[in-house]
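Residue numbers (our numbering), protein chains in the order written: chain H, 1 to 487; chain L, 1 to 261.
Comments concern the structure below.
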Amino acid sequence: MATPEVISRETGLGDSGYKYGFVTDVESEVIPPGLNEDVIRLISEKKNEPEFMLEWRLRAYRHFLTLVEQEQVPQWANVDYPPIDFQKIVYYAAPKPKVTLKSLDEVDPELLATYEKLGISLEEQKRLAGVAVDAVFDSVSIVTTFKEELAKHGVIFCSFSEAVQNYPDLVKKYLGSVVPYADNFYAALNSAVFSDGSFCYIPKGVRCPYELTTYFRINYAESGQFERTLIVADEGSYVSYLEGCSAPQRDNNQLHAAVVELVAHDNAEIKYSTIQNWYPGDEEGKGGIYNFVTKRGRCQGVNSKISWTQVETGAAITWKYPSVLLQGDNSIGEFYSVALTKGYQQADTGTKMVHMGKNTRSTIISKGISAGHGSNTYRGLVRVNSRADNARNFTQCDSLLIGDQCSAHTTPYVEVRNSSAHLEHEAYTSRVSEDQLFYCNQRGMSTEEANALIINGFCKEVFRQLPLEFAVEATRLMELNLEGAVG
Amino acid sequence: MVLDSPVLEVRNLWASVGDAPILKGVNFRVMPGEVHAIMGPNGSGKSTLANVLAGHPLYQVTEGEVLFRGEDLLSMAPEDRARRGFFLSFQHPIEIAGVRLDQFMRASYNAVQKSRGQEELDALKFDRLVKSKSKLVELDPTLIRRSVNEGFSGGEKKRTEILQMSILEPTLAILDETDSGLDVDALRVVAEGINQLRTTDNAVVVITHYQRILEYIVPDVVNILSNGRFVKSGRRELAFEIEARGYDWLQETEDRVGVGP
Ligand SMILES: Nc1ncnc2c1ncn2[C@@H]1O[C@H](COP(=O)(O)OP(=O)(O)OP(=O)(O)O)[C@@H](O)[C@H]1O
Ligand SMILES: [Mg+2]
């Protein structure tokens, strides 16, 4: 992959070390800031949506309003931020003109240049065997490569908007089936206003021949990003899916409230990996993305498996609890997470494993790293329902502290209603010691190199879960993020 | 001529931890090809001297000057000292959980190579290098896949330090009690390993309590450190004398000539 250039130096917004902080000069079609039913109707209309979609959006919106009225803006996570003015957010920003693109040649060269800067040249990606890419720019999906080849296998991989047009039955059947719009505050908001995202369907018995990849990018200054991802793996199918995210460097905070729903039928497996590198704000904690995301998978069928792997290095604030509902007997849920907070970043992340079927198993490996003034919280729930005989869970949540102004918190919740359950929990907190750094220095490594080495060692159980080229990217990203962040 | 300029020159070095002075005016000079031994009672400041020279941030140099290959050592960051060929084998090598020894050594090797504009090695090539060097200290090959020093026996830690020395090929190596905790056979292996690394250009400083290792690595100079300064200097025979008589008689000499604090 191409190496991103050092862009932050050109923006005049300070040198916070964030390499993806550039703004792309593309004409955008924007609905003015603010939220009301008309805006939602307009979004739906612009997207030429069928009636059921508009109705669903409006129901979600009305529910959202009741939450706002009852002042149910979530406050419980271990993070700190000023109230968000939802009337100041732009809910729809699309690069203009919006045409359906058939090949990369038709894409605005500015956009392609953006992706080049991100180090994810689509041209290159196309050649990179085994990776199909969908790119969501602000709220609209720009291009999906490999579509035709995937179609040969019956795999549907397209933007959410296209799915609504071409596969309304599938959308209708699964949309909101794992994360209903009433699930939580931001899920309600997302359901009302989401403008695009990715859709993926793997038919029975198909092992998807490519890693499917989506890159999300927020470009427009006042826009929030509300994308929605839906992946359905039919019986006996397999798919590995990866999403990457970044945003320009700006002084204001921007909201990213996504919803991801996964459904795995009998004997199906979904592996979902995230490399999240939203703009984290500058060294004083100004600006940055609020990353409030609902991700949940349903292991609906027997022997199904859903595995979440996340590397969270960006965003000013992250709340995120990718979860698995283990409904089918013998189903398996996994959560592998690395969350790095530095500067004034805050992360409150973890998972929920809900054991409903018999012989269900879950594994949770969480690695939290705090540097600078970063605050890192693991919040996890393991629930074993009364009918879930022989459920097994293994949880390990480790924290690594760099410096003495950062913090780590671990909040594991356990609810067991079946006595045959077997749960194991391990946790440790360690600090990178002066002696360790000196030992590395004495062997020729700089302190940054030493930190990167120690951190990579700390994260390797999680990085191992990533597809190879992304494991390399994740390692590099950690190093980029640590430059100047620790001393 | 190169041979004439010292590898290391320490002049009137004073250092402390917090308010407590530990080194109180150390002077010595190491020439290329030489082996120096430093002996001295527990707590006399031997490890402190080694750490100060390596640049440990805990110690403050309050006075003095150190030239390493003609350059001002004390103004360099610890990693720059290492990159210029300064190596310290730790008395108590540090454990780093989760970092495999081979990865650690490769990061170290490549950092040094890079600083010199020389070839960095990928994992495969580095593996080959390690294999060839491991023989030197007869290191159990499974060890390099384990976390750095974690759960290593005392002897394994020391062999690992010497393995790293052999990979980095330093100009000056300070070995802080590398012989402590080694059994008789291991001592011979490690000492012979160190001997094989000797050239006419590099130098070794052996910190030890026992003359035994000096049977293998024959010193040109033996210095005795007591209460933060060198109180006696001699040839190899001095080590025998120390082992036979202890340090008390030196203390008396020191008091008599009035060089106390
Ligand atoms: N980090 C430190 N903090 C406080 N005191 C220290 C520190 N390092 C060394 N000292 C003190 O300095 C003195 C010299 O210690 P040092 O470890 O250099 O002795 P040594 O000669 O290497 O002893 P040994 O033979 O036992 O290894 C001791 O009194 C020790 O307690
Ligand atoms: Mg000592």
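All C-beta atoms, glycine included, are put in the ideal place defined by N, C-alpha and C.
### Message
With a threshold of 8 Å (Cβ to nearest heavy atom), would residue 288 (chain L) be considered close to ligand 1?
### Response
There is simply no residue 288 (chain L) to check, as chain L begins at 1 and stops at 261 in what is shown.
### chain L contact for residue 434 (chain H) (CB, 9 Å cutoff)
Locating residue 434 (chain H) in the first sequence gives position 434, where the first residue counts as 1. Flagged as an interface residue toward chain L: residue 434 (chain H), by a C-beta distance shorter than 9 Å.
### Task
Look at the alpha carbon of residue 66 (chain H) and the alpha carbon of residue 102 (chain L), and state the distance between them as a whole number of angstroms.
As a working note, residue 66 (chain H) is residue 66 in the first sequence. As a working note, residue 102 (chain L) is residue 102 in the second sequence. C-alpha separation (whole angstroms): 59 Å.
### Message
Against chain C, which members of the segment 152–175 of chain H pass a CB distance test of less than 9 Å?
### Response
Structure shown: chain C not included; protein chains present are H and L.
### Message
Does the CB of residue 465 (chain H) have a neighbour CB from chain L at under 9 Å?
### Response
In the first sequence, counting from the first residue as 1, residue 465 (chain H) sits at position 465. No, residue 465 (chain H) lies away from the interface with chain L (no Cβ there is under 9 Å from its Cβ).
### Task
Given a cut-off of 9 Å, decide if residue 266 (chain H) and residue 302 (chain H) are closer than it, judged by their beta-carbon atoms.
In the first sequence, counting from the first residue as 1, residue 302 (chain H) sits at position 302. In the first sequence, counting from the first residue as 1, residue 266 (chain H) sits at position 266. Contact check for residue 302 (chain H) against residue 266 (chain H) passes: the beta carbons are separated by less than 9 Å.
### Task
Can you pull the chain H residues whose beta carbon is under 8 Å from the beta carbon of residue 88 (chain L), in chain order?
Here residue 88 (chain L) refers to the residue found at position 88 of the second sequence. Chain-ordered, the chain H residues with CB closer than 8 Å to the CB of residue 88 (chain L) read 442.
### Query
How would you list, in chain order, the residues of chain L whose beta-carbon sits under 9 Å from the beta-carbon of residue 340 (chain H)?
In the first sequence, residue 340 (chain H) corresponds to position 340, counting from 1. Close to residue 340 (chain H), with beta-carbon spacing below 9 Å, lies no residue of chain L; the smallest spacing is near 15 Å.
### Query
Whose C-beta lies closer than 8 Å to the C-beta of residue 12 (chain L) among residues of the same chain, with five residues either side of it excluded?
Position 12 of the second sequence, counting from 1, holds the residue named residue 12 (chain L). The residues are 25, 26, 27, 63, 64 and 65.
#### Entry: Which residues DSSP lists as bridging residue 451 (chain H), in chain order
Position 451 of the first sequence, counted from the first residue, corresponds to residue 451 (chain H). For residue 451 (chain H), which the question treats as bridged, DSSP gives no partner whatsoever.
#### Entry: CB contact check: residue 55 (chain L) to chain H, cutoff 9 Å
Taking the first residue of the second sequence as 1, we reach residue 55 (chain L) at position 55. Closer than 9 Å to some Cβ of chain H, the Cβ of residue 55 (chain L) qualifies, so yes.
### Task
State yes or no: is the C-beta of residue 7 (chain L) within less than 9 Å of the C-beta of residue 31 (chain L)?
Looking up residue 7 (chain L) in the second sequence gives position 7. Looking up residue 31 (chain L) in the second sequence gives position 31. Cβ distance < 9 Å, so residue 7 (chain L) and residue 31 (chain L) count as in contact.
### Cα-Cα separation, residue 180 (chain H) to residue 450 (chain H)
On the first sequence, position 180 is the one that residue 180 (chain H) refers to. On the first sequence, position 450 is the one that residue 450 (chain H) refers to. Rounded to whole angstroms, residue 180 (chain H) and residue 450 (chain H) show a C-alpha spacing of 45 Å.
### Query
If we ignore side chains and look at the alpha-carbon of each, how far apart do residue 181 (chain L) and residue 236 (chain L) end up?
Translated into the one-based positions of the second sequence, residue 181 (chain L) becomes position 181. Translated into the one-based positions of the second sequence, residue 236 (chain L) becomes position 236. As the crow flies, the alpha-carbon of residue 181 (chain L) is around 22 Å from that of residue 236 (chain L).
### Query
So what does DSSP say about residue 457 (chain H), is it helix, strand or coil?
Start at 1 with the first residue of the first sequence, and residue 457 (chain H) comes out as number 457. Three-state DSSP puts residue 457 (chain H) in a helix.
### Message
For residue 203 (chain L), would you say it is in contact with chain H, using Cβ-to-Cβ distances shorter than 9 Å as the test?
### Response
Against the second sequence, residue 203 (chain L) aligns to sequence position 203. False, the Cβ-Cβ gap to chain H never drops below 9 Å.
### Query
Can you find a heavy atom of ligand 1 that lies under 8 Å from the Cβ of residue 402 (chain H)?
As a working note, residue 402 (chain H) is residue 402 in the first sequence. Relative to ligand 1, the beta carbon of residue 402 (chain H) is positioned no closer than 8 Å to any heavy atom.
#### Entry: Residue span of the beta strand (DSSP E) that contains residue 229 (chain L), given as start and end
The residue labelled residue 229 (chain L) in the question sits at position 229 within the second sequence. Residues 229–234.
#### Entry: Endpoints, beta strand (DSSP E) assigned at residue 234 (chain H)
For this step, residue 234 (chain H) is matched to residue 234 along the first sequence. For residue 234 (chain H), no beta strand (DSSP E) run applies, since DSSP gives it neither H nor E.
### Query
Which residue comes first and which comes last in the alpha helix (DSSP H) that contains residue 38 (chain L)?
Numbered from 1 along the second sequence, position 38 holds the residue referred to as residue 38 (chain L). Run containing residue 38 (chain L): none in the alpha helix (DSSP H); it sits in the beta strand (DSSP E), 35–39.
### Task
Examine chain H for any beta-carbon lying closer than 9 Å to the beta-carbon of residue 269 (chain L), and answer yes or no.
No answer is possible for residue 269 (chain L): the residues shown for chain L start at 1 and end at 261.
### Query
Does the beta carbon of residue 68 (chain L) come closer than 9 Å to any beta carbon on chain H?
Counted from its first residue, the second sequence places residue 68 (chain L) at position 68. Residue contact check for residue 68 (chain L) against chain H: no CB pair falls below 9 Å.
### Query
Across which residues does DSSP place residue 196 (chain H) in a beta bridge pair?
Here residue 196 (chain H) refers to the residue found at position 196 when the first sequence is read from its first residue. H:227.
### Query
Can you give the Cα-Cα distance for residue 383 (chain H) and residue 188 (chain L), rounded to whole angstroms?
Locating residue 383 (chain H) in the first sequence gives position 383, where the first residue counts as 1. Locating residue 188 (chain L) in the second sequence gives position 188, where the first residue counts as 1. Taking the straight line from one Cα to the other gives about 59 Å.
### Task
Let me know the beta strand (DSSP E) ranges lying completely inside the segment 147–210 of chain L, each 3 residues or longer, listed in chain order.
Runs of beta strand (DSSP E) with 3 or more residues, each lying fully within the segment 147–210 of chain L, are found at 172–176 and 203–207, listed in chain order.
### Query
Which runs of the beta strand (DSSP E), 3 residues or longer, sit entirely within the segment 36–115 of chain L?
As for any beta strand (DSSP E) of minimum length 3 sitting wholly inside the segment 36–115 of chain L, the runs are 60–68, 86–89 and 96–100, ordered along the chain.
### Message
Taking CB distances under 9 Å as the criterion, tell me whether residue 108 (chain L) reaches chain H.
### Response
Counting from one through the second sequence, the residue named residue 108 (chain L) turns up at place 108. Chain H, which has a Cβ nearer than 9 Å to the Cβ of residue 108 (chain L), makes this yes.
### Task
My understanding is that residue 99 (chain L) touches residue 148 (chain L), with C-beta atoms under 8 Å, so please give their C-beta distance in whole angstroms.
Taking the second sequence and counting its residues from 1, one reaches residue 99 (chain L) at position 99. Taking the second sequence and counting its residues from 1, one reaches residue 148 (chain L) at position 148. About 5 Å; that satisfies the 8 Å criterion.
### Message
Our contact map puts residue 457 (chain H) next to residue 406 (chain H) with C-beta atoms below 8 Å; I'd like the distance itself, whole angstroms only.
### Response
The residue you call residue 457 (chain H) lines up with position 457 of the first sequence. The residue you call residue 406 (chain H) lines up with position 406 of the first sequence. Rounded, the Cβ-Cβ distance is 19 Å, inconsistent with contact.
### Query
Does the beta carbon of residue 58 (chain H) sit closer than 9 Å to a beta carbon anywhere in chain L?
Looking up residue 58 (chain H) in the first sequence gives position 58. It does not: the Cβ of residue 58 (chain H) has no partner Cβ on chain L nearer than 9 Å.
### Task
State yes or no: is the beta carbon of residue 493 (chain H) nearer than 9 Å to at least one beta carbon in chain L?
An answer regarding residue 493 (chain H) cannot be provided, because it is not within the stretch 1 to 487 covered by chain H.
### Task
Decide yes or no for the touch test of the segment 420–435 of chain H against the segment 64–84 of chain L: beta carbon pairs closer than 8 Å, at least 3 of them.
Flag = no, the segment 420–435 of chain H and the segment 64–84 of chain L do not touch.
### Query
Whose CA, out of H:269, H:281 and H:242, lies closest to the CA of residue 344 (chain H)?
Taking the first residue of the first sequence as position 1, residue 344 (chain H) is located at position 344. Residue H:281 is the option with its Cα nearest to residue 344 (chain H).
### Task
Report the residues of the segment 150–177 of chain L with a CB closer than 9 Å to any CB of chain H, ordered along the chain.
Among the residues of the segment 150–177 of chain L, those with a Cβ less than 9 Å away from any Cβ of chain H are 164 and 168, in the order of the chain.
### Query
Got a sec, what are the start and stop residues for the beta strand (DSSP E) residue 411 (chain H) sits in?
Locating residue 411 (chain H) in the first sequence gives position 411, counting from the first residue. Per DSSP, residue 411 (chain H) belongs to the beta strand (DSSP E) from 407–416.
#### Entry: Any non-hydrogen atom of ligand 1 within 8 Å of residue 207 (chain L) CB
Along the second sequence, read from residue 1 onward, the residue named residue 207 (chain L) stands at position 207. True, at least one ligand heavy atom lies under 8 Å from that Cβ.
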